[in-house]
Amino acid sequence: MKIKHQLAIFNALTRLLVILILWLMLPILVENVVYRHINNGLIEKKKKFIEHLNQQEINDFIENKGDSTETYSQFSTLHSEFLVLSKVSVKFRQKETIFKKEYRIIEGEENEYRILQYHFVYENQGYQLEIGSSLSEVNDLTFIIRLFIIIVLVIILLVTFLADTVYIEYLLKPFYKIIDTKIKRVNEPEVFDHTPINAKSRDFRELDLVLNQMMDRIADVFKKEKQFISNVSHELLTPITLLKSKLENLLQNGSLDDNAIDKIAGSLKTLDMLKKIINNLLLISRIENNQYQSNENINFQEIISELQEDLQDRIEDKGIRFFNKIKHDFVFRGNKTLIHVLIYNLVTNAVKYNKPDGEIIVSDGLLQDRYFISIADSGIGLSESQIEQIFNRFARVSADQEGQGLGLAIAKSIAVFHHIEIKVSSVINEGTVFTLLFL
Amino acid sequence: MNVLIVEDNKEIAEEVCDFLCSAGYICKIANNCADALEEFGSNDYDAMLLDLGLPDGDGFEVLKAIRKTKSKIAVIVLTARGELDDRINGLHLGADDYLTKPFALTELAARLFAVIRRIHGFTLNNLGIHGFLLQLQDYKVSFNEVSINLTKKEFDIFQYLVLNKNRVITRLQLTEHIWGDILEINSDSNFIDVHVRNLRKKLDKHTSIDWFETVRNVGYRINE
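Residue numbers (this note's numbering), protein chains in the order written: chain R, 3 to 441; chain B, 162 to 385.
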């Protein structure tokens with residue numbers, strides 16, 4: 003998930019939490035604020051009622067009614083308030099004033115009321131005064147407020163979510179620009195774009211600056227390494243050239259006996275090995291130093307056929323059957339010389355480590371939408387621990403093995419350079435399969 | 162044939178000079194760009210071996226200057242840099258061939274022969290040895306007008322040995338000539354023996370070839 007989405011979702015969630023808390027707190031708020039207000043109103047009324055109260059009035063209220071209930075009640079026309087005064091026994095005394103919430107039926111209509119209950123004694127007679135105020139309006143109001151809050155908050159939630167997303171996206175734009183233009187498209191430091199990114203946030207300007215500085219350092223290292231490789235090749239290959247020329251001229255000397263010729267030829271062979279080690283190491287360095295272009299269209303059918311022809315002598319010498327089963331017309335863009343070296347190294351290994359009268363099968367296909375070429379031999383095979391090592395420089399799989407163990411190291415470098423994945427599977431004494439998986 | 166060797170390493174230049182002189186060329190050495198251009202201006206050369214890393218400049222500058230004149234000189238670029246760019250650059254600027262250091266002197270001789278032959282419009286089309294005639298144009302060999310059927314590799318080997326006659330040619334030199342400078346280390350160079358054996362069998366049918374010598378453990382030599 004991208005950071006802009008994460009931030010927007012986080013903001014939305016925190017807001018949602020605030021809304022939920024408000025929603026849950028609303029009844030308590032109502033109770034505290036509205037009920038207190040109503041209670042105060044009821045107490046006020048009670049005071050007014052009690053203040054003017056005397057026996058005469060009580061009698062007016064209760065006894066003049068002429069019925070036996072000894073209760074006086076009075077209510078407003080819409081039943082929003084009521085007042086009840088009734089006689090109770092003195093011993094049935096409670097706390098003087100209490101508030102409660104109850105349902106009452108007045109004239110057949112049930113409503114919820116906030117009720118003040120007041121007990122008092124007047125001339126040895128206990129009375130209970132109840133003043134009620136309807137809560138239906140309050141309840142209606144609470145419901146409306148809740149609904150309103152929900153609607154407003156949902157709207158706020160949506161609007162702020164959108165605003166957040168847009169703003170975060172705007173803020174992060176330089177970040178993605180840095181990734182796209184500076185990092186993703188840069189394969190080698192020379193093509194790095196040094197123009198500063200226009201960013202409002204200082205963080206990104208700093209990131210950009212640091213990236214530029216880092217790239218400068220890398221470019222510097224690359225340049226130095228390139229220079230070094232060039233120097234090494236010159237300084238090492240020049241004396242080898244000289245030695246080689248001297249030995250070759252010496253070889254033509256007519257007065258040499260067989261032994262001397264043998265030794266000179268042996269020295270030339272060693273010199274040749276030295277040359278090849280240097281050239282191979284330089285090749286790896288050049289690849290890793292990005293000194294090769296990769297803009298040629300490569301046809302594998304062609305490369306394999308060429309290779310088969312080149313290696314025909316060795317293949318025949320070992321009595322190996324070579325099958326070229328390339329079927330697909332896969333066009334790959336890369337460096338033809340390097341790809342040739344890559345496949346050459348794999349095929350010569352397949353020849354070298356094959357059994358007499360064995361076979362080599364080169365085939366291709368698609369694996370999870372990725373094109374692959376596999377080179378399978380019926381050779382001596384490799385163990386798990388050997389497979390781990392074969393791509394290391396100067397790795398020697400067995401003691402009696404010829405060569406310097408650079409072929410597969412080169413193959414690996416070339417593969418990495420072209421973003422090709424090399425997979426190896428092997429069964430001891432049955433053979434090895436090298437698979438090149440293309441992106 | 163006059164050859165100008167442009168090479169800053171004097172010892173290498175001398176070795177190349179020795180070798181080419183023994184092959185019948187007349188050689189002169191120049192150690193830097195200035196000397197090379199001066200030599201080129203004052204004498205008539207058929208070919209030039211041009212090292213790229215010279216003390217007073219890039220060998221390409223010499224090549225450019227030479228190509229501006231109407232001279233038909235054959236140029237082989239020699240370099241230790243071995244970079245692909247050099248090859249492309251060199252062939253683009255008008256080098257006729259290209260050899261990376263370290264090269265075999267026998268290979269240089271073969272290349273030199275090929276470029277000079279090309280520059281002179283393929284007037285030299287036949288090589289002869291002990292009655293065998295190599296027709297370079299169409300890769301054919303005949304003995305007293307009887308043509309001998311050789312494979313391309315056998316022909317190449319024969320021609321290489323004839324061009325470097327009276328010299329010991331190691332298996333390695335032959336392998337490199339036939340298969341190119343393969344990167345593989347310790348590549349077995351005995352495959353060449355199969356081809357040489359076949360070649361000798363074919364030649365042997367026509368006449369005694371005791372001049373086609375095997376140098377034990379080392380390689381081959383054709384004596385004139």
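Note that beta-carbon positions come from the ideal geometry of N, C-alpha and C, so glycine has one too.
Nearest candidate by alpha-carbon position, reference residue i, set the options
i: F101/R; options: I40/R, F77/R, I107/R; result: I40/R
i: E304/R; options: I341/R, Q58/R, Y105/R; result: I341/R
i: K363/B; options: M162/B, V307/B, V223/B; result: V307/B
i: G218/B; options: N193/B, E200/B, K301/B, T261/B; result: N193/B
i: G110/R; options: F440/R, S136/R, H81/R; result: H81/R
i: N204/B; options: M162/B, R377/B, I383/B, G220/B; result: M162/B
i: S380/R; options: T434/R, E423/R, I424/R, E390/R; result: T434/R
i: Y115/R; options: Q310/R, H330/R, Y37/R; result: Y37/R
i: K89/R; options: Y105/R, Y120/R, N431/R, S427/R; result: Y120/R
i: D169/B; options: L239/B, L333/B, Y321/B; result: L239/B
i: A195/B; options: F221/B, N286/B, F180/B, L181/B; result: F221/B
i: E351/B; options: E318/R, K278/R, S232/R, S136/R; result: The sequence given here has Asn at residue 351/B, not Glu. Taking only the C-alpha atoms, the option nearest N351/B is E318/R.
i: E423/R; options: T162/R, K271/R, I375/R; result: I375/R
i: F440/R; options: I60/R, Q310/R, F302/R, T73/R; result: F302/R
i: L285/B; options: R382/B, L266/B, E172/B, Q298/B; result: Q298/B
i: K228/R; options: N34/R, I60/R, I289/R; result: I289/R
i: V168/R; options: N13/R, T339/R, E33/R; result: N13/R
i: A201/R; options: K179/R, M217/R, S287/R; result: K179/R
i: D354/B; options: L335/B, T368/B, V164/B, S369/B; result: L335/B
i: I286/R; options: S415/R, I362/R, I181/R, L276/R; result: S415/R
i: H236/R; options: Y186/B, V167/B, C182/B, D212/B; result: D212/B
i: I442/R; options: V364/R, V426/R, I363/R; result: Residue 442/R is absent from the structure shown; chain R starts at 3 and stops at 441.
i: F304/B; options: K233/B, I166/B, I227/B, D365/B; result: D365/B
i: K354/R; options: M217/R, G321/R, R207/R, K338/R; result: G321/R
Status (buried if at least 16 other CB within 10 Å, exposed otherwise) for residue i
i: M209/B; result: buried
i: P358/R; result: exposed
i: R323/R; result: exposed
i: H356/B; result: buried
i: D263/B; result: Residue 263/B is actually Pro in this sequence, not Asp. Label assigned to P263/B: buried.
i: C188/B; result: buried
i: G336/R; result: buried
i: N394/R; result: exposed
i: G289/B; result: exposed
i: K229/B; result: exposed
i: K314/B; result: buried
i: D180/B; result: A small fix is needed here, since residue 180/B is Phe in this sequence, not Asp. Buried is the call here.
i: H54/R; result: exposed
i: S387/R; result: exposed
i: D274/R; result: buried
i: I412/R; result: buried
i: N356/R; result: buried
i: L19/R; result: exposed
i: A235/B; result: buried
Beta-carbon proximity check, residue i vs residue j, cutoff 8 Å
i: A191/B; j: A270/B; result: no
i: L215/B; j: L254/B; result: no
i: I5/R; j: L174/R; result: yes
i: V329/B; j: Q254/R; result: yes
i: L260/B; j: R279/B; result: no
i: D207/B; j: I237/B; result: no
i: I392/R; j: L384/R; result: yes
i: I383/B; j: K326/B; result: yes
i: G409/R; j: F396/R; result: no
i: I279/R; j: I306/R; result: no
i: A241/B; j: L239/R; result: yes
i: H420/R; j: Y373/R; result: no
i: I117/R; j: E132/R; result: yes
i: I345/R; j: L313/R; result: no
Under 7 Å by beta carbon: chain D residues contacting residue i
i: K248/R; result: Reference to chain D is not applicable here, since the protein chains of this structure are R and B.
3 or more residues per run - each beta strand (DSSP E) lying fully within the stretch 180-219 of chain B: Runs of the beta strand (DSSP E) inside the stretch 180-219 of chain B: 187-191, 208-212.
Contact the stretch 247-267 of chain R vs the stretch 168-177 of chain B: 3+ CB pairs below 8 Å: Contact between the stretch 247-267 of chain R and the stretch 168-177 of chain B is present, because at least three Cβ pairs lie under 8 Å.
Complete runs of the beta strand (DSSP E) confined to the stretch 313-355 of chain B [at least 3 residues]: Under the rule that a run must span 3 or more residues, no beta strand (DSSP E) segment is found entirely inside the stretch 313-355 of chain B.
At least three beta-carbon pairs within less than 8 Å, the stretch 215-234 of chain R to the stretch 195-205 of chain B: Judged by Cβ distances under 8 Å, the stretch 215-234 of chain R makes no contact with the stretch 195-205 of chain B, as fewer than three pairs qualify.
Cβ contact check for the stretch 7-23 of chain R and the stretch 118-127 of chain R: 3 or more pairs under 8 Å: The stretch 7-23 of chain R makes no contact with the stretch 118-127 of chain R: fewer than 3 CB pairs, one atom from each, lie closer than 8 Å.
Start-end ranges of the beta strand (DSSP E) lying completely within the stretch 91-160 of chain R, minimum 3 residues: Counting only runs of 3 or more, we get 99-108, 111-124, 127-136.
Uninterrupted alpha helix (DSSP H) stretches inside the stretch 362-400 of chain R (no shorter than 4 residues): Correct list: 386-391.
Contained alpha helix (DSSP H) runs [length at least 4] in the stretch 243-304 of chain R, N- to C-terminal order: Those alpha helix (DSSP H) runs which fall completely within the stretch 243-304 of chain R and span 4+ residues are 260-290.
contact_flag[the stretch 128-147 of chain R, the stretch 156-165 of chain R] where n(CB pairs < 8 Å) is 3 or more: Judged by pairs of C-beta atoms under 8 Å, the stretch 128-147 of chain R does not touch the stretch 156-165 of chain R, as fewer than three such pairs exist.
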